[in-house]
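Visitor: Take 3 as the starting number for the sequence shown in the working numbering and just add one per residue.
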Amino acid sequence: VQESVVNMYLPDDGVAVIDLIGQDRFVSYTINTIHFEVFIKSSGKTVAIKNNLPDGSTQSLALETLCGRSVSVNIISISSKATPDMIKPKLLISAPSC
Numbered sequence: 003v004q005e006s007v008v009n010m011y012l013p014d015d016g017v018a019v020i021d022l023i024g025q026d027r028f029v030s031y032t033i034n035t036i037h038f039e040v041f042i043k044s045s046g047k048t049v050a051i052k053n054n055l056p057d058g059s060t061q062s063l064a065l066e067t068l069c070g071r072s073v074s075v076n077i078i079s080i081s082s083k084a085t086p087d088m089i090k091p092k093l094l095i096s097a098p099s100c
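Set out below in structure tokens:
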């Protein structure tokens, strides 16, 4: 990820996955909504986001890494009937060591 803000298009009731490659790992997140369930897996390399937003809604999530890097992820909820090319539920971030 070269930008600090990423847009992810996710069906309502869908799950997004963010993977981190390199030596860094996710350690925390910040959300301001009850419409997400966020899970940082034990390795710190994967974050899963369960979307409970209504269709057409957008909310943000902030992810922080051990090395002090951060990314803001805008989850844009789309209809579960959307065509597959509109759905973008996977993000891969490359992070060098601290």
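The beta-carbon is built from N, C-alpha and C at its ideal position, and this holds for glycine as well. None of the values given here were measured: they were computed from a predicted structure.
Give the range of the beta strand (DSSP E) segment to which D21 is assigned.
Guide: In the sequence shown, counting from the first residue as 1, residue 21 sits at position 19. That run of the beta strand (DSSP E) goes V17 to G24.
Visitor: Can you say whether A50 is buried or exposed, counting buried as having 16 or more other CB atoms within 10 angstroms of its CB?
Guide: The residue given as residue 50 occupies position 48 in the sequence shown. A50 is exposed by the Cβ-count criterion.
Visitor: Could you give the C-beta distance for T60 and I33, rounded to a whole number, given that I count them as a contact under 8 Å?
Guide: The residue given as residue 60 occupies position 58 in the sequence shown. The residue given as residue 33 occupies position 31 in the sequence shown. T60 to I33, Cβ: 13 Å. No contact.
Visitor: For P56, which of T85, L68 and T35 has the nearest alpha-carbon?
Guide: Translated into the one-based positions of the sequence shown, residue 56 becomes position 54. It is T35 whose Cα lies nearest to the Cα of P56.
Visitor: In the DSSP output, which residue or residues are listed as bridge partners for G84?
Guide: Here residue 84 refers to the residue found at position 82 when the sequence shown is read from its first residue. Reading off the sequence, residue 84 comes out as Ala, not Gly. A84 is not bridged to any residue.
Visitor: I need the DSSP call for L55, collapsed to helix, strand or coil.
Guide: For the purposes of this step, residue 55 is taken as residue 53 along the sequence shown, with counting starting at 1. It is coil, neither helix nor strand.
Visitor: Assuming contact is defined by CB atoms lying nearer than 9 Å, are P18 and P91 in contact in what I supplied?
Guide: One-based indexing of the sequence shown puts residue 18 at position 16. One-based indexing of the sequence shown puts residue 91 at position 89. Per the sequence presented here, residue 18 reads as Ala, with Pro not at that position. Going by C-beta atoms, A18 is nearer than 9 Å to P91.
Visitor: Kindly give me the distance between the Cβ atoms of L93 and M10, rounded to whole angstroms, as I take these residues to be in contact under 8 Å.
Guide: Position 91 of the sequence shown, counted from the start, is the residue given in the question as residue 93. Position 8 of the sequence shown, counted from the start, is the residue given in the question as residue 10. Right, their Cβ atoms sit about 6 Å apart.
Visitor: By how many angstroms is the C-alpha of I23 removed from the C-alpha of P98?
Guide: Here residue 98 is taken as the residue at index 96 of the sequence shown, counted from 1. Here residue 23 is taken as the residue at index 21 of the sequence shown, counted from 1. Straight-line Cα distance between these residues: approximately 8 Å.
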